[in-house]
Structures are given as structure tokens and as C-alpha cells.
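Trainee: Let me give you the structure first, and then I'll get to my questions.
This is the structure in C-alpha cells:
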């Protein structure tokens, strides 16, 4: 970002923000460290120092890597299937308005099922291994992507479509050269908002029935009242999500570089 | 020659038939610059949408050089008020779009697009996205992306409407220069009587809704014209005052006649 006016202090706005963020985190962690064992029982909230030690020991455990790998694979599988399916269905139904009208209430109804309630059934159908988690994540991702894709294509400005029509574009050309690019920002928004849901689906599935995965590992810790282990797993999941989200935002920016940046920008890439 | 024969448009609105456009008969000579002036909502845009093939007529037909226009027709180009440049395409890719859809090789279509871009003074902005361009620049892009595929007839629906007064005159001048070399047939709709007379070989006056042609005036001001000083031309003033009297009646409507 460029500043139109030179700052009086030596720090740029970016540096100030970073400094503020570090200070905030430091204060919170410091307060936590101090309060645990003094004001609150360590048993309930653990301690940042203990969590750090725990994370350090996890790093040397082979089982941790196995759990991380399983969760990542499940998440990737669910996200890929759900996202791909959502875009394809959105595109197909946008091309075929009657089908869209027929399917709309059905899809709304299916999407209204709380996915946690669906999970036991999926485990019966697909077993306690990776498949059931992949499907669960996919059902969450699918609808978010689908509804956004459909809305995006239907919201492409009529004026733009008319330009292509007048210039003699075929239906297929209008679709690929006007409708799809016009819907890109909606599709990308759908894919980005669906990302955390892929992790949610996978973790919920692992909670219910699993023999490996980060959700399973967290569940092991929490059922044995190991708050430190539980917190450590939460941090791992948080970090995983942030990394993936960052990748997603970068892809989105690259694809939408033609779009004017407007309004207040919260920079979430570091 | 372009022949609009008895073209009219009616549509259903809240259970009643509304006549948007009364039967219009119009002959436009090849290479003629025709402007149509009329009050808002008189059906000018409806007429152009029908001629462009975007909207079916309720009655009548349009022919270009004797062949009937059925639906969208590459011989007819349409330039609208909003520039409608594809926001995800660079200026070059917007201008080259009509050539792209006809299957022209990239190198050739870029060469042609760049030549047009240079002609309208946008050299250096080939790879700019529409949001990086000003309103006037975007409208230039809108015009040349139609000229690039050389349609025989150009329909222009208030193309300079949203622009500021100075940009308008610059673009009017540019349009005249482009037209004088291509000599396409032009049907140009506007609210602005100065623009209508300044550009045209012939000005048509349309009535308030339902739209009818109420006046057909030949403009014999010599070409090439200096649009920047069109007000200084004596013929212009006479025509302006004369046509304005009639337009004023249409703009004000019959009800205001009793008011002071």
C-alpha cells in the first residue's frame, strides 16, 4: 500500500499494525501464563508454556504425523469432491433453468440437514475410515460452492451478455467467455467460505468414530482430561486452517486481478 | 440502404397492453448519419433493440440492402450508453473480442485491436483493465470494439450520455472523424439537440410515448464539421431554434400547456 502523505513517525502503517498485533498476542499469552495456577486451575486452562512443550514433543511423534496426514487427506478429498461437484452442478443447472427450479427446493432441504446429525448415518454407510469423513466434508463444501456458482452465473449482467450476442457469439461462447468469467468472483467466494467447513466436517467425523486423525487425537486428549494436549491440537488445527486460507486468498487474488479493490481491506495474508 | 418497415412494439404490463413503439417507417441511406431525438421513454431504445435483433418486434420488419434482419446480425453493430466492457478483460482483449469469437488468430486480432486503440488515442492502455480507465476512455473502447469488426450499420444509443460536457465534445469530434473515413450507416439516439444536429445528415424527431416520427429534417451543414464551434454556424442556430420549438412540446407534454 502506498501512502499519499509521508508519515511523521518512522514507522509505516503496516509496521504499526504488526507491532500492535504482536503486542496484543504477547499480553494475552502473558496474562494467561500468569493467571493459570494463580487465579484459575491449570487443569482447566493449561498454560502457554505447557502447550509449547507439548507441541514440541508432538513434533517428534510419528503418530502425530500420521494423524495430520490422515486429516489433511480427508480434508483435501472432501474439499476437492465437494468443490468440484458444486461448481459442475452450479454450471449445469445455470445452463438449464427448469432443472434449477426443480432442484432448488430439494437442495435447500438437503442443505438444511444439520451435518452433525447426518454423520452417524454416513459412518454406517461408509465405515469408520477416511471415506465417511471425506463424504461428510464434501456435503458441506458442495452446497456452499453450488449455491454461489449458480447465483454467480445468474447474476452476470445482461448488458455484458447482450454485447456478446450482438457481436454474434454462440451460446457456448457466451457461456465460456462471458458467464463463467463473470461468475468467477462468486465461485471463488464460495470456494473460500467452504474451506473451513471442509475441516469442520472432517473433525466432526473423526470425533464420532475414527482410529486416526487430528480429531481423533484431540478426542483422545479431551476424554482423558488432558487440556494441554487438547489445546495443542486446537493450535495445530488453527495453523493448518490459516495456511490453507492464505493459499486460497492468494489464488483468489491472482484470478481476480482485474477487479478493482474497494472498501476497507483487511489484509489477511502474511 | 436500411429499411425499417412498420416496426412497432407492444408488451403486456400488469395485465394491460402497452404500446412502446407505434409503427415506425424509416429509410436510411447507406453511409447516412441519422440522429433520433425525442423525450425520455418515447421508445427510441426499444427501436434500436429491435433493429439490433435483441428484441422481437410485435409487427413490421427490418431489411439491410434488401435482406431481412432476423435476430442478431453481424452487419449491425450496437453501441450502448453503458460501456459494458468485460471487466475481466484488458482493453486489448475487449476490443479484440468480436474477432476472437469469429476465430481469428491471436496475433492478427491483437494487431487490429492495437491499431484501433492507437487511433482513438489510447496507446499505452492496451493491457489496462476497464476499472483502470476513465469513463471517456472506456467509451472509446466501447466504440472501437464495435468498429473493429466493421459492421455496415452502427446503432448508437446515447453513447455519450453519461460523460461530462467536455469529454462529450471530444468524443463527438472523434466519432465524426472515424465515421468520415469509414462512412458506415449510423443511427444515433440522443437527448441532446446540439449533438443531434451537430453530427447528423438527418435529424428525426420522435413524439412522447407511444413513439412516432413527427419530424424529419435534413441537415445541410457542410462537412467536415468543426463540432467544437458548431454554435457559430448560422445554419445550426436556425435549425436548433426551429426543431427545439417542436421538441419542447413533446418534452413538456400537453398538460403543461395551461400552466404559466
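Chains as they are written, first to last, in the numbering used here: chain A, 15 to 284; chain B, 20 to 279.
Ideal Cβ positions, reconstructed from N, Cα and C, are used throughout, including at glycine.
So which residues of chain A does residue 91 of chain B contact, with C-beta pairs closer than 7 Å?
Mentor: Simply 179, 180, 182.
Trainee: Between residue 199 of chain B and residue 222 of chain B, how many whole angstroms is the CB-CB distance? I'm expecting something under 8 Å.
Mentor: Actually they are not in contact, since the Cβ atoms of residue 199 of chain B and residue 222 of chain B sit about 18 Å apart, beyond 8 Å.
Trainee: Count the other C-beta atoms from every protein chain shown that fall within 10 angstroms of the C-beta of residue 30 of chain B, then say buried if there are 16 or more, exposed otherwise.
Mentor: Answer is exposed; the Cβ neighbour count stays below 16.
Trainee: Specify the secondary structure class of residue 25 of chain B as computed by DSSP and reduced to three states.
Mentor: Three-state DSSP puts residue 25 of chain B in a strand.
Trainee: Quick check: the Cα distance between residue 210 of chain A and residue 42 of chain A, rounded to an integer number of angstroms?
Mentor: Rounded to the nearest angstrom, the two C-alpha atoms are 25 Å apart.
Trainee: Could you tell me the distance, in whole angstroms, from the CA atom of residue 214 of chain A to the CA atom of residue 55 of chain A?
Mentor: Roughly 29 Å between the two C-alpha positions.
Trainee: Assuming residue 204 of chain B contacts residue 21 of chain B (C-beta within less than 8 Å), just tell me the rounded distance between them.
Mentor: Right, the Cβ-Cβ distance comes to about 6 Å (below 8 Å), so this counts as a contact.
Trainee: Whole angstroms is fine: what's the gap from residue 93 of chain A's alpha carbon to residue 87 of chain A's?
Mentor: Cα to Cα, the separation comes out at about 10 Å.
Trainee: Using 8 Å as the threshold, is the C-beta distance between residue 262 of chain B and residue 228 of chain B below it?
Mentor: No, these two residues do not count as a Cβ contact at 8 Å.
Trainee: Using a Cβ-Cβ distance under 8 Å, would residue 101 of chain B count as near chain A?
Mentor: Cβ-Cβ to chain A under 8 Å: yes for residue 101 of chain B.
Trainee: Among the candidates B/196, B/120, B/216, whose CA atom is the shortest distance from the CA of residue 177 of chain A?
Mentor: Comparing Cα-Cα distances from residue 177 of chain A to each of B/196, B/120, B/216, the minimum goes to B/120.
Trainee: Return the chain-ordered list of same chain residues with a C-beta closer than 6 Å to the C-beta of residue 149 of chain A, the five sequence neighbours on each side being excluded.
Mentor: Taken in chain order, the residues that qualify are 136, 140.
Trainee: Return helix, strand or coil for residue 96 of chain B, following the three-state DSSP convention.
Mentor: Correct three-state label for residue 96 of chain B: strand.
Trainee: Looking at C-alpha atoms only, which residue of A/175, A/70, A/259, A/61 is the closest neighbour of residue 104 of chain B?
Mentor: Selected option, being the one with the closest Cα: A/175.
Trainee: Kindly indicate which three-state DSSP category residue 107 of chain B falls into: helix, strand or coil?
Mentor: It is coil, neither helix nor strand.
Trainee: Starting from the C-beta of residue 268 of chain A, find all residues in its chain whose C-beta is less than 7 Å away, skip the five residues before and the five after it, and write them out in chain order.
Mentor: No residues qualify anywhere along the chain.
Trainee: Spatial neighbours of residue 252 of chain B within its chain, please: C-beta separation below 7 Å, excluding the five flanking residues on both sides.
Mentor: Here the set comprises 240.
Trainee: For residue 184 of chain A, is the classification buried or exposed, using 16 other Cβ atoms within 10 angstroms of its Cβ as the cut-off for buried?
Mentor: Exposed.
Trainee: Go to residue 50 of chain B, then tell me how far its alpha helix (DSSP H) extends in each direction, as first and last residue.
Mentor: That residue, residue 50 of chain B, is in no alpha helix (DSSP H); it is neither H nor E in DSSP.
Trainee: Here's a check: name, in chain order, each residue in its chain whose Cβ is nearer than 6 Å to the Cβ of residue 177 of chain B, leaving out the five neighbours to either side.
Mentor: The residues are 100, 208, 209.
Trainee: In this structure, does DSSP put residue 236 of chain B in helix, strand or coil?
Mentor: If DSSP states are grouped into helix, strand and coil, residue 236 of chain B belongs with the strands.
Trainee: Hey, could you find the ends of the beta strand (DSSP E) residue 82 of chain B is sitting in?
Mentor: Here the beta strand (DSSP E) through residue 82 of chain B covers 78-83.
Trainee: Check residue 180 of chain B in the structure and name its three-state DSSP category.
Mentor: Three-state DSSP puts residue 180 of chain B in coil, outside helix and strand.
Trainee: Give a yes or no on whether the minimum CB-CB distance between residue 143 of chain A and chain B is below 8 Å.
Mentor: Closer than 8 Å: no.
Trainee: Let me confirm a value: residue 186 of chain A is counted as buried when at least 16 other C-beta atoms fall within 10 Å, else exposed. Which label applies?
Mentor: With fewer than 16 Cβ atoms within 10 Å of its Cβ, residue 186 of chain A is classed as exposed.
Trainee: According to DSSP, which residues form a beta bridge with residue 35 of chain B?
Mentor: For residue 35 of chain B, which the question treats as bridged, DSSP gives the partners B/32.
Trainee: If the cut is a Cβ gap below 7 Å, which residues of chain A does residue 71 of chain B touch?
Mentor: Within chain A, the residues near residue 71 of chain B are 180.
Trainee: State the Cα-Cα distance for the pair residue 113 of chain A and residue 156 of chain A, rounded to the nearest angstrom.
Mentor: For residue 113 of chain A and residue 156 of chain A, the distance between alpha carbons rounds to 18 Å.
Trainee: Is residue 130 of chain B helix, strand or coil by DSSP?
Mentor: DSSP places residue 130 of chain B in helix when its eight states are reduced to three.
Trainee: List the residues of chain A whose Cβ lies closer than 8 Å to the Cβ of residue 150 of chain B, in chain order.
Mentor: Here the neighbours are 272, 273, 274.
Trainee: Is there a C-beta anywhere in chain A that falls below 8 Å from the one on residue 120 of chain B?
Mentor: Judged by the 8 Å Cβ criterion, residue 120 of chain B is in contact with chain A.
Trainee: Tell me the residue span of the beta strand (DSSP E) that contains residue 204 of chain B.
Mentor: Taken as a continuous stretch (DSSP letters only), the beta strand (DSSP E) holding residue 204 of chain B covers 204-209.
Trainee: Can the beta-carbon of residue 266 of chain B be found less than 8 Å from the beta-carbon of residue 212 of chain B?
Mentor: Yes.
Trainee: In terms of residues, what are the limits of the alpha helix (DSSP H) holding residue 157 of chain B?
Mentor: Element bounds for residue 157 of chain B: 154-166.
Trainee: Given that a residue counts as buried once 16 or more other Cβ atoms are within 10 Å of its Cβ, and exposed if not, what is residue 92 of chain B?
Mentor: So residue 92 of chain B counts as buried.
Trainee: Grouping DSSP H, G and I as helix and E and B as strand, with all else coil, what is residue 44 of chain B?
Mentor: Residue 44 of chain B falls in the strand class under three-state DSSP.
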